[in-house]
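The block underneath contains the structure these notes are about, expressed in structure tokens.
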Amino acid sequence: MWSPLLFLALALGDGDLTEDFEGAGSESWERVVSDLHPPYNTVERVHDPEQAKSGNQFLHLRTLGGSTAVRRSPRHPWPVEAGRPYRASVWVRLSGTKRNGASLSLTWLNAAGDSVSERRSPPLSRTEGWTRISLEIPAAPAGATGVLPGLHFDGPDVRGFCDFDLLQIDAVERLEIRPAGRSIAAFTTEEYPRFVLSPAGLPVGVHAITATLSLSGGETIVRTATLDFPAGRSVAVDFPPAPAGVHSLATSVDGHEARKTLAVLVTPPGRTPSGIGPYERTESRLHDSIDRAVRDRILNPQKPLILDAGAFDDEGQPTAGYFALLAADQILAGAEPIPDPGLFPSSVRVAAFRQGPSVTLALWSESGEVEVPILLNEGAVVQPALAAPHPLRPGEKVRVAAMPLYIAGVDPLLAELRLELSASELPLQLSPSRMTLRLRNRSRVETPRDLEVELGDLPAGWRASSRRFKIASLPPEGIHEETLDLIVPASETERPVDLKFEVRFGIQGREVTMQNLRRVTLKSRIRIESAVNGKVLSVRVVNGSEHAMTLSVRSRVPGLAERLDLVRELSPGARSKPLDFPLQGPGSAEIYVQESGDDRALSRRLLPLP
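First residue of the sequence shown? That's 1080 in the working numbering, and the numbers climb one at a time after it.
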């Protein structure tokens, strides 16, 4: 049931379509009370100008279990006009929640006060500070004269907080975009894409309508038309045939900023979908981004594809995200997952698939965009998720980001012949660091011959015991090992380094060259700790090895003579006594530590000084 709550009011009079939760409260708003909305949860206005999104106050909801909600009283609906487009929005902030979500609802009433229909936003379960929830209403329902906005905090959590501020419902100008003669905006490269533009909410008179098709390659095509509103209800625009890819169509009226866009798919003939595929759908958000949804599809290709709210726009048309999921399904149709062949640096995530006579790779990055060289066989094809494919060019570099990029037509031998290093960490020391380089043939039938492995250019000052070795042949499922000693200069510090290897071999009467990047991380067994206490810099060294160390510590501190200290027989895991230095002023101190004897482990650190 509904019970009035005398704490929510409009600072403006009833009928104004804005609520900023200022003032003491009136009966214009009600709190929802039901079995699902227990009375022990709290709803209150909080006066805190620094924390409010707008003005001095905001609405604060606290859950101890069950749902919490408020809505506009049916006795005080906000007035609306049937058929007119609206945009509803509210700012939300969540804290202390795990699974609860916040949402905005709109209940439409007719003149008799009866409910005509209801619309609700998908729940928002995570926020970074104040986050805006919005609902685009293409047209208020027929017969609607009023609307009741509702604010909801739902879920299974037994603790958590939800804040709302600045609720608005605005009448807007809207331009509906529909692909002419088809249910979704999907065309072939031989068709002229045509769209029907239908405005609503415009002032009476003649208006200029602009449609801009932005191609995935960066080019734009602009079309304009005029419309005498309301006598004219729609206008059609045509574009020339577009290249394959997922493009974006944006519209505006009289030069105003476009509020409506449409994803447009263009494919080669014979590959254009006629409608939404036979996928299960849900109104919830299953992923926080479409990039993550595509990656999940790639990593779990056997799971049924469920389309969430991010796959469609407010009018039910497919978004670019839907087309990216569709591309993943098409590209990987019939593919079988295989182990990562290890052809790329560790900063690039790789999913590999055997697909008929070749291999397909999906690449993405979870730590920002990276540029990587693609050194694969002739005939491989680069397939961006939302752009046209193109043949791999010799020495081509591609940008790998959160949205997966595909490379098809990869020679399976490049996936089956794997180069491995016995360790991913390289000790930071002056003595040679030894590791095993292993070449493994995972093929069950092929025998590569005349193999040659060459280590590429090393960082300045590095040396290797051997840069090249040869193998007459490597039988199916065979393994060949070589010892590799690396020496690094004393100037090195802890950091990751990519080692580049080139593998050349003959197979089936042809010569094949493959590139491998293997990342090793320089890691010191000596840790340098520092602290500034007043005007004194204190330095300690920690033995992170499994044996006792005698260490020389060379210190260069601004304003002081270079100093050399000796730390004798420091036990494994032990910390030295502090080495103190009086500070003479700002700058940076350099501390260099080297082990005496054994592997001559070293560590170097620059310390900024106040």
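From the three backbone atoms N, C-alpha and C, an ideal C-beta is built for every residue, glycine too. No experiment lies behind these values; they were computed from the predicted model shown.
Residue burial is scored here from C-beta neighbours: Asp1099 has at least 16 other C-beta atoms within 10 angstroms and is therefore classed as buried. Lys1339 counts as buried, since no fewer than 16 other beta carbons sit within 10 angstroms of its beta carbon. If you ignore the 5 residues before and after Gly1175, its C-beta comes within less than 7 Å of the C-beta of Arg1238, Gly1239 and Phe1240, all in its own chain and listed in chain order. Between Thr1289 and Ser1331, the CB-CB gap stays under 8 Å. Between the stretch 1594-1612 and the stretch 1545-1561, the count of Cβ pairs shorter than 8 Å is below three; the stretches do not touch. Put simply, of Glu1648, Asp1242 and Val1636 the residue whose alpha carbon is nearest the alpha carbon of Glu1669 is Val1636. Around the beta-carbon of Ile1216, 16 or more other beta-carbon atoms lie within 10 Å, marking it buried. With a 10 Å radius around the Cβ and a threshold of 16 neighbouring Cβ atoms, Gly1334 comes out exposed. Going by beta carbons, Trp1187 and Ser1152 fall outside the 8 Å limit.
In the DSSP assignment, Pro1258 falls within the beta strand (DSSP E) that extends over Arg1253 to Pro1258.
Approximately 7 Å separates the beta-carbon atoms of Ala1167 and Ser1213; this is inside 8 Å, confirming the contact.
In the DSSP secondary-structure assignment, Ile1558 is bridged to Arg1519.
In the three-state reduction of the DSSP assignment, Leu1455 falls in the coil class. For Ile1486, the closest alpha carbon among the candidates Arg1253, Val1285, Gln1434 and Gly1354 is that of Gln1434.
For the pair Leu1306 and Arg1253, the Cα-to-Cα distance works out to about 14 Å. Linking Ala1265 to Asp1564 through their CA atoms gives a straight-line distance of about 57 Å.
As the crow flies, the alpha-carbon of Val1343 is around 22 Å from that of Leu1411. Per DSSP, reduced to three states, the secondary structure at Pro1470 is strand. Our two residues, Phe1391 and Ser1552, have alpha carbons roughly 54 Å apart in a direct line. Going by C-alpha positions, Arg1619 is about 23 Å away from Leu1505. Its chain contains Lys1549 and Arg1583 as the residues whose beta carbon lies nearer than 6 Å to that of Glu1531, once the 5 sequence neighbours on both sides are disregarded; these appear in chain order. Following the DSSP letters along the chain, one finds Asp1529 inside the beta strand (DSSP E) bounded by residues Arg1528 to Leu1534.
For Pro1575, the CB contacts under 7 Å within the same chain, skipping 5 residues up- and downstream, are Arg1598 and Thr1600 in chain order. Residue pairing by DSSP leaves Arg1679 without any beta bridge partner. Exposure of Gly1413 is indicated by the presence of fewer than 16 other C-beta atoms within 10 angstroms of its C-beta.
In terms of Cα proximity to Arg1604, the closest of Gly1588, Met1628, Val1611 and Gly1585 is Met1628. In this structure Ala1502 is exposed. Its beta-carbon is surrounded by fewer than 16 other beta-carbon atoms within 10 angstroms. The stretch 1453-1468 makes no contact with the stretch 1355-1362; the number of CB pairs closer than 8 Å stays below 3.
In the DSSP assignment, Leu1645 falls outside any alpha helix (DSSP H) and lies within the beta strand (DSSP E) extending over Arg1642 to Leu1649.
DSSP places Asp1099 outside any alpha helix (DSSP H), giving it a letter other than H or E. A direct Cα-Cα distance of roughly 54 Å separates His1626 from Leu1384. Counted as a single uninterrupted DSSP element, the beta strand (DSSP E) harbouring Val1171 occupies residues Tyr1165 to Ser1174. Here DSSP, grouped into helix, strand and coil, assigns Glu1448 to coil. Our two residues, Arg1178 and Asp1242, have alpha carbons roughly 16 Å apart in a direct line. Fully enclosed beta strand (DSSP E) runs of no fewer than 3 residues occupy 1299-1308, 1314-1317, 1324-1332 and 1339-1346 of the stretch 1297-1377, in order along the chain.
A distance of 8 Å or more separates the beta carbons of Val1611 and Arg1654.
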